[in-house]
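A short worksheet on the structure shown next.
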């Protein structure tokens with residue numbers, strides 16, 4: 001019986017030692033799991049911070065690009081308005097120079113004067129897309145009409161030139177020389 005008791009005592013001690021080892025192992029595993037969770041949380045926090053920084057950089061860059069584009073558009077609009085204003089004032093400038101110089105105008109100056117009188121300011125800054133299309137069609141029609149008129153005038157000039165040369169040939173062939181009266 002004592003032998004059984006010793007054997008039972010040894011089994012109980014072995015059981016408690018195994019249980020203690022298992023508990024220590026369980027505590028170690030729980031600590032490891034907690035440590036991994038903390039590491040993952042830290043990695044996630046770092047990752048989200050980096051993502052926020054990246055998004056902030058992208059937003060800042062986007063805002064900078066939009067600002068740059070707006071500045072360029074404003075400069076372009078200002079340049080166009082200046083050019084348009086200069087174009088409007090150019091006609092007045094030509095008239096002033098004409099009044100100042102009492103000399104004869106050359107053909108080039110006459111042509112410039114005529115062109116400045118013919119040109120109409122476009123004034124298209126406020127127009128929407130449909131109105132711009134309509135304005136483009138109107139301008140195209142004007143160009144078409146002018147080209148047709150130019151063609152007609154060229155043909156008329158050719159015909160008149162031909163008639164003049166034909167008349168001069170006829171007059172030359174019928175010319176009998178100076179008529180002397182005796």
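In the UniProt record's numbering, the protein residues as written are 1 to 182.
Just so it is clear, CB atoms sit at the ideal spot from N, CA and C, and this is done for glycine as well.
Asked: With H, G and I counted as helix, E and B as strand and the rest as coil, what does DSSP make of residue 46?; Found: helix
Asked: Hey, residue 84 and residue 121 are a contact pair by Cβ (cut 8 Å); roughly how many whole angstroms apart?; Found: 7 Å
Asked: Would DSSP call residue 19 helix, strand or coil?; Found: helix
Asked: Give the straight-line distance between the Cα atoms of residue 72 and residue 79, rounded to the nearest whole angstrom.; Found: 10 Å
Asked: Is the Cβ-Cβ distance between residue 125 and residue 81 less than 9 Å?; Found: yes
Asked: Mind checking whether residue 146 and residue 135 have CB atoms under 9 Å apart?; Found: no
Asked: Helix, strand or coil for residue 31? Go by DSSP, reduced to three states.; Found: helix
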